[in-house]
Amino acid sequence: VKLFCSFAFLASEHGDITVTVRQVKQVICGNPGDMARIAIPGLLYTLQNNLIFLGLANLSGAVYQVTYQLKILSTAVLSTLILGKTFGWDKWLS
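Residue numbers (our numbering): 977 to 1070.
Encoded structure:
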């Protein structure tokens, strides 16, 4: 649905479907590096959502909730290790 709506909005902005199709092809095929920068996080997000539903189906509610909340802590730790971000104690304790 989102893809169709985005394409429809882009086509109405350009006023012509052929120009829109040409531009979409150029953006997708013209810069594979840019496409990979967008596609990889999108695919990882899709994988994460599927794993969340798998966890919901196989874990009890309490265990699922605790492990789901660990996402916040793991994101903070990885942001510190990979991106070099620094967080104050107030952020770590919250």
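Note that the Cβ used here is the ideal one computed from N, Cα and C, for glycine as well. Please read these numbers as outputs of a predicted model, since none were measured by experiment.
Quick check: residue i and residue j, are their CB atoms within less than 8 Å of each other?
{"i": "residue 986", "j": "residue 996", "result": "yes"}
{"i": "residue 1040", "j": "residue 1032", "result": "yes"}
Using a Cβ-Cβ cut-off of 6 Å (strictly less than) and excluding sequence neighbours within five positions of residue i, which residues of its own chain qualify?
{"i": "residue 1061", "result": "1055"}
So the alpha helix (DSSP H) residue i belongs to, where does it begin and stop?
{"i": "residue 1061", "result": "Note, residue 1061: premise wrong, no alpha helix (DSSP H); not H, not E."}
Taking 7 Å as the cut-off, is the beta-carbon of residue i closer than that to any non-hydrogen atom of the ligand FMN?
{"i": "residue 1016", "result": "Among the components modelled here there is no ligand, and therefore nothing to report on the ligand FMN."}
Handout entry: Segments of 4+ residues assigned as alpha helix (DSSP H) that fall wholly inside the segment 989–1058
Key = Runs of the alpha helix (DSSP H) inside the segment 989–1058: 993–1006 and 1008–1034.
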